[in-house]
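Trainee:
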Amino acid sequence: MIRHALAFLAPLLLAACERQPDTPRVRADTAEAVFVWPGVHPAPEVKARTVYLLDGEVRKDGPARLHRLRMGTPRLRGRTLWLVVRADRLDWTDATRAAILADLAQWRAAGNEVAGLQVDFDAATKGLSGYAAFLKDLRARLPKDMRLSITGLMDWSANGDPQALAQLAGTVDEVVIQTYQARSTIPGYEAYFARLEGFPIPFRVALVEGGQWQAPPGLEGHPMFRGYAVFLLAPARLSVPPPVVATRSPLSKS
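The working numbering puts the first residue of the sequence shown at 3, with every later residue one more than the last.
1) Taking Ala35 as the reference, give the member of Val121, Arg206, Glu192 and His69 with the closest Cα.
2) With burial defined as no fewer than 16 other Cβ atoms inside 10 Å of the residue's Cβ, what is the status of Asn114: buried or exposed?
3) Just checking, does the region 126-135 make contact with the region 93-110 on the three C-beta pairs under 8 Å criterion?
4) Val247 by DSSP, collapsed to three states: which one?
5) Whole angstroms is fine: what's the gap from Leu253's alpha carbon to Gly220's?
6) Taking 8 Å as the cut-off, decide whether the C-beta atoms of Arg29 and Glu211 are in contact.
7) What does the alpha-carbon distance come out to for the pair Phe269 and Gln216?
8) Would you kindly report the start and end of the unbroken beta strand (DSSP E) that includes Gln180?
9) Between the C-alpha atoms of Val178 and Asp122, what's the straight-line distance to the nearest angstrom?
10) Which of the three DSSP states is assigned to Leu144 in this structure?
11) Taking the Cβ atom as the reference point for each residue, do Arg72 and Asp93 lie within a distance shorter than 8 Å?
12) Quick one: using the 10 Å Cβ neighbour count with 16 as the cut-off for buried, is Ala89 buried or exposed?
13) Which two residues bound the contiguous alpha helix (DSSP H) that contains Glu192?
14) To which residues of the same chain is Met156 closer than 8 Å at the C-beta, ignoring the five residues directly before and after it?
15) If I follow the unbroken alpha helix (DSSP H) through Thr98, where does it start and stop?
16) Within 10 angstroms of the Cβ of Arg27, are there 16 or more other Cβ atoms? Answer buried if so, exposed if not.
17) Tell me whether the beta-carbon of Arg77 lies closer than 8 Å to the beta-carbon of Ala104.
18) Let me know the secondary structure DSSP gives Gln165 once reduced to three states.
19) Can you tell me whether Glu199 is buried or exposed, with buried defined as 16 or more other CB within 10 angstroms of its CB?
20) Take Ala208 and list the residues in its own chain whose beta-carbon comes closer than 8 Å to its own, dropping the five residues that flank it on each side.
21) Apply the 10 Å Cβ neighbour rule to Ser151 and answer buried if 16 or more other Cβ atoms are within range, or exposed otherwise.
22) What does a CB cutoff of less than 6 Å around Thr52 pick up in its chain, not counting 5 residues either side in sequence?
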């Protein structure tokens, strides 16, 4: 009986799928910027000019030290490189900061064009003032020609304290706003971006490869919008075939 029922339903389900509109998906072969985490090897067709490369982590357990995640420092020709430090905590010591500065210098010495440091820390919206103070201190310790980038939550644009955001604007060079969680696009992202007017910091929008995305009205015309960055996934974890994200419109139909 179950077999007959499935045989009857299969054509109906197939017809329903065929009637659904094409789903916009984020791909990476024409991405302008990408995030590359250890264990992910960009496909040859990924030609992004800007690369956010995870260098290490400051983990919540044990001393606040830099856990390096890369064995070497290859030369990435034709790329602008941001070294990313993923942080679970902000009680960094002098040794923590010294290790990060040493890595920045090492990547430059290898012949890379290093734009600066990105801190990947999920600062709560209500804690932005304290985070701004941490970043101001960190910025003062960076070489003068190194820029400072941070990742940010979509909620900052909707509920962030304007004074705290102004503090960040005077300290960081850019915010990369994350639109995904657990390798999927966060539902309802349109509502957050609808409240982006007046956001005072230059920003990119981070999209996950293979995730659904449709640019909300007005986003790409925002005076602080600087483009997209695509978080690359290992091929086995992609939900769609590898590749797109146009320079201004990171969509393809699948």
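We treat Cβ as the ideally placed atom computed from N, Cα and C, and that holds for glycine.
In this text, all values refer to a predicted model and were calculated from it rather than measured experimentally.
Mentor: Answer, in terms of the structure:
1) When the alpha-carbon of Ala35 is set against those of Val121, Arg206, Glu192 and His69, the nearest one is in Arg206.
2) By the neighbour-count rule (16 or more Cβ atoms within 10 Å), Asn114 is buried.
3) The region 126-135 vs the region 93-110: no contact.
4) Low per-residue confidence applies at Val247: pLDDT is 38, beneath 50, and the placement is therefore not dependable, though the value from the model is reported in the following sentence. If DSSP states are grouped into helix, strand and coil, Val247 belongs with coil.
5) Here the model assigns Leu253 a pLDDT of 47, short of 50, so the residue's position is not dependable and the matter cannot be decided.
6) Contact flag set, yes.
7) Any question about residue 269 goes unanswered here, given that the chain covers just 3 to 256.
8) If you look at Gln180, you'll find it in the beta strand (DSSP E) that goes Glu176 to Gln180.
9) Across the structure, Val178 and Asp122 are spaced so that their CA atoms are roughly 9 Å apart.
10) Three-state DSSP puts Leu144 in coil, outside helix and strand.
11) Taking 8 Å as the Cβ cut-off, Arg72 and Asp93 do not qualify as a contacting pair.
12) Within a 10 Å sphere around the beta-carbon of Ala89 sit 16 or more other beta-carbons, which makes this residue buried.
13) Boundaries of the alpha helix (DSSP H) harbouring Glu192: Tyr191 to Phe195, taken from the DSSP string.
14) Within the same chain, Met156 has close Cβ partners Ile179, Gln180, Thr181, Ile188, Tyr191, Tyr194 and Phe195.
15) That run of the alpha helix (DSSP H) goes Asp96 to Ala111.
16) By the 10 Å Cβ count, Arg27 comes out buried.
17) No. Outside cutoff.
18) Gln165: helix per DSSP, three-state reduction.
19) Looking at its Cβ environment, which holds fewer than 16 other Cβ atoms inside 10 Å, Glu199 is exposed.
20) So the list reads Phe37, Thr153, Val178, Ile179, Gln180, Thr181, Tyr182, Tyr230, Ala231, Val232 and Phe233, once near-sequence residues are dropped.
21) The residue in question, Ser151, is buried, as its Cβ has 16 or more Cβ neighbours within 10 Å.
22) If the five residues before and after Thr52 are omitted, its C-beta is found closer than 6 Å to the C-beta atoms of Ala35 and Thr82, all from its own chain and listed in chain order.
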